[in-house]
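S.K.:
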Amino acid sequence: MKNQIAVYFLLLLIFVSGSIYNFRIRRQCIYRVRLTKPRIIILIIASLIFCAIAYIGGNLWENYLIAISASVFIISGVVGEGIHEKGIYYQYGRGILVRLARWKDIKDIKIDTNKNKLKSFKINTLTIFANQYYSSEDINKINKYIGS
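Residue numbers for the sequence shown follow this note's numbering, beginning at -3 and rising by one.
Structure (structure tokens):
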């Protein structure tokens, strides 16, 4: 029982601290990503899956607490992306914490102004397909910001 409580607290600590990290980055971004309908649907489905797992796992309040904190953690990773004065925050691979690509390391940024989308950029020799959507006003400002 003590081991189970320790695992609950450890998971809760990881999810809450990761969420705080991602939401803090979102607040600091100059230009924040816009959530698209497919991403919103995926986030809702992920949250429902976590709640279903909590229900199947014994229908205890502790399980729901972990499920809700895990859902918030997943959501924070998606909304944490954006353009920062230090560089571009993006999700890399399967990671949930957002990473920073510094302006000095970024080359060859591709922006699709018709779709209001930051498509990709290069860090040294690695191409990152960010697929970040912004508002139409922000994408024009981003073009000017990057161009200067």
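Note that beta-carbon positions come from the ideal geometry of N, C-alpha and C, so glycine has one too.
Who are the Cβ neighbours of Ile21 in its own chain at under 7 Å, not counting the five residues just before and after it?
M.R.: Gly76, Tyr85 and Val94
S.K.: Would Lys82 pass as a contact of Asp104 if the rule is Cβ separation under 7 Å?
M.R.: no
S.K.: So within the region 73 to 97, which uninterrupted beta strand (DSSP E) runs reach at least 3 residues, ignoring any that extend past its ends?
M.R.: 83 to 86
S.K.: Does the distance from the CB of Ser15 to the CB of Val68 come in under 7 Å?
M.R.: Cβ distance < 7 Å, so Ser15 and Val68 count as in contact.
S.K.: From what residue to what residue does the alpha helix (DSSP H) around Lys137 run?
M.R.: Ser132 to Gly143
S.K.: Can you tell which of Lys100, Asn139, Gln87 and Ile45 has the C-alpha that lies nearest to the C-alpha of Thr109?
M.R.: Asn139
S.K.: Between Gly73 and Ile92, which are expected to be in contact by the criterion C-beta below 8 Å, what is the C-beta distance as a whole number of angstroms?
M.R.: 4 Å
S.K.: Can you tell me the Cα-Cα spacing of Glu133 and Leu122, whole angstroms?
M.R.: 29 Å
S.K.: CB-CB under 7 Å to Ile142, same chain, minus the five flanking residues each way: which ones, in chain order?
M.R.: Ile105
S.K.: Give the DSSP-derived three-state secondary structure of Phe5 in the structure shown.
M.R.: helix
S.K.: Is Leu61 helix, strand or coil by DSSP?
M.R.: The answer is helix: DSSP assigns Leu61 an H, G or I state.
S.K.: What residue range does the alpha helix (DSSP H) around Phe46 cover?
M.R.: Lys33 to Ile52
S.K.: Quick one: give me the first and last residue of the beta strand (DSSP E) that Asp101 is part of.
M.R.: Premise fails: Asp101 is in no beta strand (DSSP E) and is neither H nor E.
S.K.: By how many angstroms is the C-alpha of Ile135 removed from the C-alpha of Tyr60?
M.R.: 39 Å
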